[in-house]
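Working notes, beginning with the structure itself.
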Amino acid sequence: MNPTKSTGKLSEELGPSKDTICRALHKLQNTYKNSREVPYEMTPQQTNQRVKICKTLLENPQDMRFFKPIETCDEKWVHLRNPDN
1 MNPTKSTGKL
11 SEELGPSKDT
21 ICRALHKLQN
31 TYKNSREVPY
41 EMTPQQTNQR
51 VKICKTLLEN
61 PQDMRFFKPI
71 ETCDEKWVHL
81 RNPDN
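Numbering (UniProt numbering), first residue to last: 1 to 85.
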């Protein structure tokens, strides 16, 4: 299934109404995240800043407080709550 499809397109393909699909996705604890284009090329200043931050984070890998609120995914639909945690 294509994660970029709208609930309207899913409704057309699968049969249930758009509202039913929205409720089902909500029950699955999914939320829509707007995608945005991320530039592939960074300025030298951005690269240096990224390296500096990464080195700082890697110096103390036991401190996970920084990583807890971060959600990354290739898809637009992401789980907000992980029941395994």
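Each residue gets a CB set at the ideal place from its N, CA and C atoms; glycine is no exception.
Keep in mind that this is a model prediction, so the values were computed, not measured.
With DSSP run on the structure shown, which of helix, strand or coil describes residue i?
| i | result |
| --- | --- |
| H60 | According to the sequence displayed, residue 60 carries Asn and not His. The answer is coil: DSSP assigns N60 none of H, G, I, E or B. |
| T47 | helix |
| K55 | helix |
Beta-carbon separation of residue i and residue j under 8 Å?
| i | j | result |
| --- | --- | --- |
| C22 | T7 | yes |
State buried or exposed for residue i, treating a residue as buried only when at least 16 other CB atoms are found within 10 Å of its CB.
| i | result |
| --- | --- |
| L10 | buried |
| N85 | For N85, the predicted structure reports a pLDDT of 48, less than 50, and the residue's modelled location is therefore unreliable. The matter cannot be settled from this model. |
So is the beta-carbon of residue i under 7 Å away from any non-hydrogen atom of the ligand ADP?
| i | result |
| --- | --- |
| T56 | Looking at this structure, you won't find the ligand ADP or any other ligand, since it has none at all. |
*asked:* List, from N- to C-terminal side, the alpha helix (DSSP H) runs of 4 residues or more that fit wholly inside the region 8-34.
replied: 18-27
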